[in-house]
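Trainee: Residue numbers (this note's numbering), protein chains in the order written: chain U, 116 to 238; chain X, 36 to 438. Ideal placement from N, C-alpha and C gives every residue a C-beta, glycine not left out. Below are the structure tokens for one structure; questions will follow.
In structure tokens form, the structure reads like this:
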């Protein structure tokens, strides 16, 4: 399994042609207490960089963008009842959605873990 | 792409801080006035505060660590005592001959009933009765002390200076900091440090007095913006770090940022200038009738009196109400309110209530929909959320009115 990161603070795990997407620990720390996550519809086709989900913290609504182009195949059912999972386990149980990978080439332009770490440290 | 009423991406960008400014005013002031850091700037940073631009200053939105974060800070204040730095607010001192008459020509307050040691809510109105600011007025010996909102203070000073006679002196106490200590344990914590001619417990809600804390002369009012019992402490800027550190050394006290200040005041149903009221709203629409004192309703003689007195008699076409929203999705400022196909209003403040575990909001709605219990809908990103007009405060006030 390979994990990629975007400069919008999403992570993407790729396994068997399916990408699992969530937001990073850094992102959840910046957002604060998350009270609601609006997830995309299963079956929706979303282009890279377009709105895929909305995270509502106590203070504000923030968009989550599709890190790659693809079709939504599954959304995390646990977030409906327990959106705070995004705060407590952002990079595993707090995942947002799974999607197909329309263009493997898009993955090449994302960051790996070390690059993302350096990116965050420079912020 | 921004989703909320202001641009709010995860990063970069700033959180959607809401307090006493309109974005326009805020930007104007940023351009006009490179402001010095507030007295506690370094103190907040040392406590791991996330600082955001606000009212022209850098202000803490929340603090770091296990007790930090908006919800933890909110709950801490409801259960213990929270220390808020509100030094961005304007502290003004008015003095001079025939002061009461001069101020009554500007504010709809009855100063004949404001005794030494008392504080009262008032409103700065334009000639059309629109709200320029809301403020507190306190009777000091031979002076009136005003606390105005941070983002409006420069405009307020201009408005007051223009409206008041030349022989009235207006001092901007910009060498003073302002701290608020709020919560059910605030009185216990503060009483250990505040000494004066009488005990702190002699102050009841909306009363103030002079005290000494750690050798510094301070003015303490029993008031605040959270709905809890609490105090606002005006102190020399040079003493701010000493006193903030001293109070945060008490086991009941944690520093609290602007984020929780906003969620606390929303639960308390308290309006926020620049959002819940503005020059586009009248205080009667906002339900702030108590800000127009009784004698002044009869006599008039303040800016906007014609409209205010008419609206007091006839009512207004729209009213500011509380909304409880079903589900967990918050409706925020700018969300539209519907009854069936008819748009009947707009949300002016909204968020998630940590105390109730549910979204709450304040909105202006057409007056025929303003009765508590009225079922309406709020639209968020194309979705209709069921909501009910609710009495406010959402969380009961716990002011100390005497034992």
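1) Closest Cβ-Cβ distance between residue 225 of chain U and chain X: below 8 Å?
2) Is any beta-carbon of chain X found at less than 8 Å from that of residue 174 of chain U?
3) May I ask you to list the residues that DSSP assigns as paired with residue 258 of chain X?
4) Count the other CB atoms within 10 Å of the CB of residue 95 of chain X; is the residue buried (16 or more) or exposed (fewer)?
5) Starting from residue 81 of chain X, follow the alpha helix (DSSP H) in both directions and report where the run begins and ends.
6) Can you tell which of X:161, X:177, X:163 has the C-alpha that lies nearest to the C-alpha of residue 150 of chain X?
7) State yes or no: is the beta carbon of residue 249 of chain U nearer than 8 Å to at least one beta carbon in chain X?
8) On the criterion of 16 or more Cβ atoms from any shown chain inside 10 Å, does residue 429 of chain X qualify as buried, or is it exposed?
9) Quick one: does residue 436 of chain X have its CB under 8 Å from some CB of chain U?
10) Give, in chain order, every unbroken run of the beta strand (DSSP E) that is at least 3 residues long and sits entirely within the stretch 168-231 of chain U.
11) Among the residues of its own chain, which have a CB less than 6 Å from the CB of residue 394 of chain X, if the five just before and after it don't count?
12) In chain order, what are the residue ranges of uninterrupted beta strand (DSSP E) at least 3 long that sit wholly in the stretch 254-342 of chain X?
13) For residue 419 of chain X, return the contacting residues in chain U, with the cut-off set at a CB-CB distance below 7 Å.
14) How should residue 238 of chain U be labelled, buried or exposed, when 16 other C-beta atoms within 10 angstroms of its C-beta is the threshold for buried?
15) Return helix, strand or coil for residue 161 of chain U, following the three-state DSSP convention.
16) Under a three-way DSSP split, which group does residue 252 of chain X fall into?
17) Can you tell me whether residue 139 of chain U is buried or exposed, with buried defined as 16 or more other CB within 10 angstroms of its CB?
18) Using three-state DSSP, classify residue 418 of chain X as helix, strand or coil.
19) Taking the alpha-carbon positions, what's the residue 60 of chain X to residue 190 of chain X distance?
20) For residue 97 of chain X, return the contacting residues in chain U, with the cut-off set at a CB-CB distance below 8 Å.
21) Around the Cβ of residue 382 of chain X, are there at least 16 other Cβ atoms within 10 angstroms (buried) or fewer (exposed)?
22) Looking at residue 157 of chain X and residue 144 of chain X, is the spacing between their C-beta atoms short of 8 Å?
23) When the Cβ atoms of the stretch 229-238 of chain X are set against those of the stretch 82-101 of chain X, are three or more pairs found closer than 8 Å?
24) Runs of 4 residues minimum, wholly inside the stretch 80-133 of chain X: which ones carry the alpha helix (DSSP H) assignment?
25) Do we get a CB-CB distance below 8 Å when we pair residue 211 of chain U with the residues of chain X?
26) Within 10 angstroms of the Cβ of residue 204 of chain X, are there 16 or more other Cβ atoms? Answer buried if so, exposed if not.
27) Which same chain residues end up closer than 8 Å to residue 107 of chain X when comparing Cβ atoms and leaving out the 5 residues on each side of it in sequence?
28) Could you name the residues of the same chain whose beta carbon sits closer than 8 Å to that of residue 121 of chain U, not counting the 5 residues immediately before and after it, in chain order?
29) In three-state DSSP terms, what is residue 503 of chain X?
30) Taking DSSP as the reference, what is the three-state secondary structure of residue 242 of chain X?
31) If you drop the 5 nearest sequence neighbours on each side, which residues of the same chain put their C-beta closer than 6 Å to that of residue 103 of chain X?
32) Are there three or more Cβ pairs, one per stretch, closer than 8 Å when the stretch 366-379 of chain X is compared with the stretch 397-414 of chain X?
33) What are the residues in the stretch 140-161 of chain X lying within 9 Å of chain U by C-beta distance?
34) Identify, in the order they occur along the chain, each residue of the same chain with its Cβ nearer than 7 Å to the Cβ of residue 112 of chain X, setting aside the five sequence neighbours on each side.
35) Taking all protein chains shown into account, decide if residue 257 of chain X is buried (16 or more other Cβ within 10 angstroms of its Cβ) or exposed.
36) By DSSP, does residue 144 of chain X sit in helix, in strand, or in coil?
Mentor: On the basis of the data shown:
1) Here residue 225 of chain U corresponds to residue number 110 of the first chain, with the count starting at 1. Taking Cβ atoms only, chain X never reaches closer than 8 Å to residue 225 of chain U, which makes this a no.
2) To locate residue 174 of chain U, count along the first chain from 1; it is residue 59. At least one chain X Cβ lies under 8 Å of residue 174 of chain U.
3) Position 223 of the second chain holds residue 258 of chain X. Answer is none; residue 258 of chain X lacks a bridge partner.
4) For the purposes of this step, residue 95 of chain X is taken as residue 60 along the second chain, with counting starting at 1. By the 10 Å Cβ count, residue 95 of chain X comes out buried.
5) Taking the second chain and counting its residues from 1, one reaches residue 81 of chain X at position 46. Residue 81 of chain X -> alpha helix (DSSP H) spans 76-81.
6) One-based indexing of the second chain puts residue 150 of chain X at position 115. Here the closest residue by C-alpha is X:177.
7) Nothing about residue 249 of chain U can be reported from this structure: the residues present for chain U run from 116 to 238 only.
8) Numbered from 1 along the second chain, position 394 holds the residue referred to as residue 429 of chain X. So residue 429 of chain X counts as buried.
9) For the purposes of this step, residue 436 of chain X is taken as residue 401 along the second chain, with counting starting at 1. No, residue 436 of chain X lies away from the interface with chain U (no Cβ there is under 8 Å from its Cβ).
10) 176-180, 185-190, 212-215
11) In the second chain, residue 394 of chain X corresponds to position 359, counting from 1. If we look at residue 394 of chain X and ignore the five residues flanking it on each side, its Cβ neighbours are 360, 365, 387.
12) 265-271, 288-290
13) Residue mapping note: residue 419 of chain X aligns to position 384 of the second chain, counting from 1. Here the premise fails: no neighbours, minimum Cβ distance about 14 Å.
14) By one-based count along the first chain, residue 238 of chain U stands at place 123. Exposed: under 16 other Cβ atoms inside 10 Å.
15) Translated into positions along the first chain, residue 161 of chain U becomes position 46. Three-state result, residue 161 of chain U: strand.
16) In the second chain, the residue the question calls residue 252 of chain X occupies position 217. Three-state DSSP puts residue 252 of chain X in a strand.
17) Locating residue 139 of chain U in the first chain gives position 24, where the first residue counts as 1. Buried: at least 16 other Cβ atoms inside 10 Å.
18) Residue 418 of chain X sits at position 383 when you count from the first residue of the second chain. Residue 418 of chain X: strand per DSSP, three-state reduction.
19) Locating residue 60 of chain X in the second chain gives position 25, counting from the first residue. Locating residue 190 of chain X in the second chain gives position 155, counting from the first residue. Annotation note: pLDDT 48 at residue 60 of chain X (below 50); position unreliable, coordinate value reported separately. So the alpha carbons of these two residues sit roughly 9 Å apart.
20) Counted from its first residue, the second chain places residue 97 of chain X at position 62. Within 8 Å Cβ-Cβ: 147.
21) Stepping through the second chain from its first residue, residue 382 of chain X is reached at position 347. It counts as buried.
22) By one-based count along the second chain, residue 144 of chain X stands at place 109. By one-based count along the second chain, residue 157 of chain X stands at place 122. Against a cut-off of 8 Å, the Cβ pair of residue 157 of chain X and residue 144 of chain X comes out as a contact.
23) no
24) 105-114
25) If you number the first chain from 1, residue 211 of chain U lands on position 96. So, not an interface residue.
26) Looking up residue 204 of chain X in the second chain gives position 169. By the 10 Å Cβ count, residue 204 of chain X comes out exposed.
27) Counting from 1 along the second chain, the entry for residue 107 of chain X is found at position 72. So the list reads 101, once near-sequence residues are dropped.
28) By 1-based counting over the first chain, the position of residue 121 of chain U is 6. So the qualifying residues of the chain are 127, 180, 182, 225, 226.
29) The question about residue 503 of chain X has no answer here: the residues shown for chain X are numbered 36 through 438.
30) Working through the second chain from its first residue, we reach residue 242 of chain X at position 207. Residue 242 of chain X: strand per DSSP, three-state reduction.
31) Here the question's residue 103 of chain X lines up with position 68 in the second chain. So the list reads 97, once near-sequence residues are dropped.
32) yes
33) none
34) To locate residue 112 of chain X, count along the second chain from 1; it is residue 77. Closer than 7 Å at the Cβ level, and outside the excluded window around residue 112 of chain X, lie 217, 218, 261, 263, 291, 295, 299.
35) As a position in the second chain, residue 257 of chain X is number 222, starting the count at 1. When all chains shown are included, residue 257 of chain X counts as buried.
36) Position 109 of the second chain, counted from the start, is the residue given in the question as residue 144 of chain X. Coil at residue 144 of chain X, not helix or strand.
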